[in-house]
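In my numbering, the protein residues as written are 1125 to 1322. Glycine included, C-beta positions come from ideal geometry on N, C-alpha and C. Only a predicted model underlies this, so the values are computations on that prediction, with no experimental measurement involved.
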């Protein structure tokens, strides 16, 4: 498994002398693209229906659960990053912490998979899932993750989304109700103008 992991990494990692444009694009994808997810979720909350808001809170919980699971995995099995073991090209600065699974991809795909599990947000979930692919490529290309880190992220993301789905009635629904009350109070003037949905 590790041989396959390193072999595929070397195929996807930047070659020596990679163009500055390719590296710049990869850096933008690796660290910038993830911000589309929270921005989209905030917009969805402000303009979405009650069902959409429920799905967004569940997706947020899924993302947080996925990141927590990643931390626990890192405590049990700290897998070194490519630059720690001296393999490939490293073209972005990163802490030498455990690489498995990828936190970036876990967050994106946990949100995406959770949205896909709700009828009203499946299109957004599909877009978010596709968004994860260039992020995964870029982080391997820049030398901070192995392909296996991305596979692990997919498994953790799906598991956390499924876990939250089974517990939504216990904590997501009450949380959404409380957030809706706070929302109506905080955005009362914007709701009255029609800029934000009640």
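- DSSP, read as helix, strand or coil, puts residue 1223 in coil.
- For residue 1284, the uninterrupted alpha helix (DSSP H) run begins and ends at 1271-1291, by DSSP.
- Boundaries of the alpha helix (DSSP H) harbouring residue 1313: 1312-1317, taken from the DSSP string.
- Of the candidates 1252, 1295, 1315, 1136, the residue whose Cα lies closest to the Cα of residue 1165 is 1252.
- In this structure, the CA atom of residue 1226 is about 40 Å from the CA atom of residue 1318.
- Between residue 1215 and residue 1267 a beta carbon distance of about 6 Å is seen, short of the 8 Å cut, so the two are scored as contacting.
- For residue 1178, the enclosing alpha helix (DSSP H) covers residues 1174-1200.
- In the displayed model, residue 1268 falls within coil according to three-state DSSP, outside both helix and strand.
- Note that the region 1168-1177 does not touch the region 1276-1293; fewer than 3 beta-carbon pairs, one per stretch, sit closer than 8 Å.
- Residue state for residue 1213 is assigned as coil, using DSSP reduced to three classes.
- The beta carbon of residue 1246 sits closer than 6 Å to those of 1240, all from its chain and outside the five residues before and after it, given in chain order.
- Rounded to whole angstroms, the separation of the alpha carbons of residue 1295 and residue 1275 is 29 Å.
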